[in-house]
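Presented below is the structure to which this report refers.
2 protein chains.
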Amino acid sequence: MLAAMVSVSARPRECSVARTLEIVGEKWALLAVREVFLGNGRFDEMVRRTGAPRDTMAARLRALVGTGILERRQYSEHPARFDYHLTEAGRDLYPVILTLMRWGDKYLAGHAGAPLVLEHRCGHRLSAELVCQACGEPVVVGQARPVRSR
Amino acid sequence: MLAAMVSVSARPRECSVARTLEIVGEKWALLAVREVFLGNGRFDEMVRRTGAPRDTMAARLRALVGTGILERRQYSEHPARFDYHLTEAGRDLYPVILTLMRWGDKYLAGHAGAPLVLEHRCGHRLSAELVCQACGEPVVVGQARPVRSR
DNA sequence: TGTGTTAGTCCGGAATCTGGACTCACTGTA
DNA sequence: TACAGTGAGTCCAGATTCCGGACTAACACA
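Residue numbers (the numbering used here), protein chains in the order written: chain A, 49 to 198; chain B, 49 to 198.
So this is what it looks like as structure tokens:
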């Protein structure tokens with residue numbers, strides 16, 4: 049009888065972070081996407097450069113294709129061979145990858161420095177920063193508050 | 049004998065994305081961090097709002113404290129009670145969370161719209177965008193290329 | 001014929017995740 | 001004094017996932 053009242057705030061939050069992680073949060077998924085960003089869309093190459101078990105990589109690629117993040121394309125007819133490409137949804141994961149990379153560069157790189165440096169087309173070393181699209185100010189914790197929450 | 053030559057490019061890439069995911073990529077880790085961002089630093093509340101098993105949440109919190117992302121603080125003496133706070137490294141995960149959220153808002157929200165809307169202090173709805181710190185231009189795939197890679 | 005390449009599959013053991021019951025030390029209420 | 005919470009966990013056994021390595025199929029090249 050009181051279940052409804054008791055369970056107020058007792059159920060998990062509906063949340064875009066949680067939903068996104070359900071799709072790309074499994075082990076190796078984002079590293080597969082990273083490889084495609086770096087231009088390696090072939091199965092064997094992805095296995096080699098990520099270190100994932102072939103089995104797991106195969107499962108991830110199936111899932112990423114299924115959710116519309118990657119696209120599987122045939123690049124050779126006669127030995128039938130396939131590789132993977134980013135869809136628009138996949139390309140939109142770029143910011144996720146870059147922010148993860150930035151955090152790692154800052155906290156885990158050690159004396160050797162960042163393992164991979166990107167150069168922006170403006171000629172400078174790419175250091176990606178999150179800004180508010182409206183005012184252009186960098187987004188800092190505590191300067192944004194929830195308005196509506198379901 | 050040829051092992052060294054054969055293994056050229058055969059080993060996993062050194063990569064800040066991979067390193068970061070080793071720390072925050074386990075299931076529930078980023079959702080625990082999300083809760084702290086939203087102001088819920090207590091164990092029971094985190095379990096309720098994320099849906100994680102208590103056991104797993106306990107393990108994640110231990111790990112996040114261990115890697116310096118969260119800090120465990122006593123907030124009550126007599127029934128000894130603890131809650132969790134972000135360290136600087138933890139606060140620096142804000143961009144990661146926001147980009148994941150943005151992707152979910154765009155691709156997984158459906159007709160109901162974003163489950164959580166944030167308002168930036170400038171008064172506008174927060175829509176966070178990644179820009180190049182040097183030139184201020186939005187970062188788009190294909191406009192950055194690797195310079196150095198170990 | 002024999003070696004190499006590439007995109008996978010198959011397998012059994014190991015590691016992780018899961019829900020649910022339980023604990024311990026209180027507090028606040030009847 | 002008894003008795004129902006509250007809050008931060010722990011314990012457990014079963015389910016799920018991950019793991020490395022061997023294997024396959026269909027070619028190309030020498």
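Just so it is clear, CB atoms sit at the ideal spot from N, CA and C, and this is done for glycine as well.
Note that the structure is predicted; figures quoted are calculated from it, not measured.
Bridge partners of residue i, per DSSP?
i	result
residue 83/B	BP columns for residue 83/B are empty, so no partner.
residue 179/A	186/A and 177/B
residue 131/B	90/B and 121/B
Identify, in the order they occur along the chain, each residue of the same chain with its Cβ nearer than 6 Å to the Cβ of residue i, setting aside the five sequence neighbours on each side.
i	result
residue 100/A	76
residue 145/A	82
residue 104/A	76
residue 72/A	78
Using a C-beta cutoff of 9 Å, does residue i count as contacting chain A?
i	result
residue 189/B	yes
residue 181/B	yes
residue 130/B	no
residue 91/B	no
residue 114/B	no
residue 124/B	no
residue 185/B	yes
residue 69/B	yes
Does any CB atom of chain B fall closer than 9 Å to the CB of residue i?
i	result
residue 107/A	no
residue 64/A	yes
residue 194/A	yes
residue 98/A	yes
residue 104/A	no
Could you round the C-beta distance between residue i and residue j to whole angstroms and report it? I think they count as a contact, below 8 Å.
i	j	result
residue 152/A	residue 195/B	Contact flag wrong, Cβ pair sits at about 17 Å.
residue 135/A	residue 119/A	5 Å
residue 133/B	residue 89/B	6 Å
residue 182/A	residue 172/B	3 Å
Can you name, in chain order, every residue of its own chain whose Cβ lies under 8 Å from the Cβ of residue i, other than the five neighbours on each side?
i	result
residue 168/A	174
Leaving aside the five residues before and after residue i along the sequence, list all residues of the same chain whose C-beta is less than 7 Å from its C-beta, in chain order.
i	result
residue 143/A	none
Item to check | Members of the segment 134-160 of chain B near chain A, C-beta cut-off 8 Å | outcome: Residues of the segment 134-160 of chain B with a Cβ closer than 8 Å to any Cβ of chain A, in chain order: 134, 137, 139, 140, 141, 142, 143, 144, 145, 146, 147, 148, 149, 150, 151, 152, 153, 154, 155, 156, 157 and 160.
Item to check | Contacting positions in the segment 164-177 of chain A - beta carbon closer than 7 Å to chain B | outcome: Close to chain B, meaning a Cβ-Cβ distance shorter than 7 Å, are the following residues of the segment 164-177 of chain A: 164, 165, 166, 167, 168, 169, 170, 172, 174, 175, 176 and 177.
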